[in-house]
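Encoded as structure tokens, the structure appears first; notes follow it.
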Amino acid sequence: MSGFEKAFGKILNGVFVITTKKGDRVNGMTAAWVSRASFKPPLLTVSIGKTRYSHELIKDSGVFAVNVLSDKQIAEGKHFGFKSGRKTDKFEGIEYETHKTGSPILPDTAGYFDCRVVNTCDAGDHTIFIGEVVDAEVYEDNHPLLHRHEDFF
Ligand SMILES: Cc1cc2nc3c(=O)[nH]c(=O)nc-3n(C[C@H](O)[C@H](O)[C@H](O)COP(=O)(O)O)c2cc1C
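With the sequence shown counted from 1, adding 2 to any position gets you this note's numbering.
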């Protein structure tokens, strides 16, 4: 691991599944690079690699949801984080709800944010999508999962 990678490892993140819906197609991918960005309006950012299928879908649909994985959902993080929805339907056999934007909301998480894209920012090999939160919920009994490299890689 390079010095830069080691230093980046000191930035603490949660683990999230970013979902979206374009037409009849739903998809989700695991992300750690999620952050709050503004109080008013309530904005958050997600940094998504330009090669991800989710990148294409969110760019086209203008909507996404951030599902905050709980500390019992490492398996869900692996499920959505290691294969692309371009080739498989990661939602096959998985139950979900939809709220305002139609993006899938997963069960048993610590909470979710349903968002509409209000801006994007080019960031090297990633794009930062800025989402305005249009709906959110917390499930107090479930604790958010802290991203630890060794849990996934
Ligand atoms: C723990 C974990 C965190 C990840 N964080 C991000 C992230 O913040 N941004 C990103 O673009 N990809 C991230 N990934 C990789 C994507 O989840 C992965 O490439 C996924 O297969 C993309 O799916 P898609 O092609 O269906 O969109 C992460 C993967 C894991 C396992």
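Where a beta carbon is used, it is the ideal one built from N, C-alpha and C, also for glycine.
Is the Cβ of residue i closer than 9 Å to any Cβ of chain B?
{"i": "Glu78", "result": "Note that chain B does not occur in the displayed structure, where there is just one protein chain."}
Tell me which same chain residues have a C-beta within less than 6 Å of the C-beta of residue i, skipping the five on either side of it?
{"i": "Val135", "result": "Pro44, Phe115 and Cys117"}
{"i": "Asn144", "result": "Ser72 and Ala112"}
{"i": "Asp137", "result": "His101, Lys102 and Asp116"}
Can you list, in chain order, the residues of its chain whose CB lies under 7 Å from that of residue i, leaving out five sequence neighbours each side?
{"i": "Val70", "result": "Gly16, Phe18, Thr111, Ala112, Gly113, Tyr114 and Pro146"}
{"i": "Glu99", "result": "Ile107"}
{"i": "Tyr141", "result": "Thr111, Ala112 and Gly113"}
{"i": "Arg104", "result": "For the record, residue 104 in the displayed sequence is Gly; it is not Arg. The residues are Lys23 and Val65."}
{"i": "Asp127", "result": "Gly51 and Lys52"}
Go ahead and label residue i buried or exposed: buried means 16 or more other beta carbons lie within 10 angstroms of its beta carbon, across all protein chains shown.
{"i": "Met159", "result": "With the chain running from 3 to 155 in the structure shown, residue 159 is simply not present."}
{"i": "Ser86", "result": "exposed"}
{"i": "Gly5", "result": "exposed"}
{"i": "Lys8", "result": "exposed"}
{"i": "Arg38", "result": "exposed"}
{"i": "Arg150", "result": "exposed"}
{"i": "Ser40", "result": "exposed"}
{"i": "Gly79", "result": "buried"}
{"i": "Val120", "result": "exposed"}
{"i": "Leu59", "result": "buried"}
{"i": "Leu14", "result": "exposed"}
Name, in chain order, the residues that DSSP records as bridge partners for residue i.
{"i": "Ile50", "result": "Thr129"}
{"i": "Met31", "result": "Ile20"}
{"i": "Phe66", "result": "Cys117"}
{"i": "Arg38", "result": "Leu46"}
{"i": "Ala138", "result": "Phe115"}
{"i": "Ile107", "result": "Glu99"}
By Cβ distance, which residues of its chain are closer than 8 Å to residue i, with the 5 residues on each side in sequence left out?
{"i": "Phe82", "result": "Val19, Gly30, Met31, Thr32 and Lys92"}
{"i": "Thr122", "result": "Lys61, Thr129, Ile130, Phe131 and Ile132"}
{"i": "Tyr55", "result": "Asn29, Met31, Ser86, Gly87 and Arg88"}
Query raised in the report: Does the segment 74 to 87 come close enough to the segment 3 to 23 that 3 or more CB-CB pairs lie under 8 Å?
Result: yes
Query raised in the report: Does the segment 40 to 56 touch the segment 102 to 111, meaning 3 or more C-beta pairs lie closer than 8 Å?
Result: Here the segment 102 to 111 makes no contact with the segment 40 to 56; the two share fewer than three CB pairs at distances below 8 Å.
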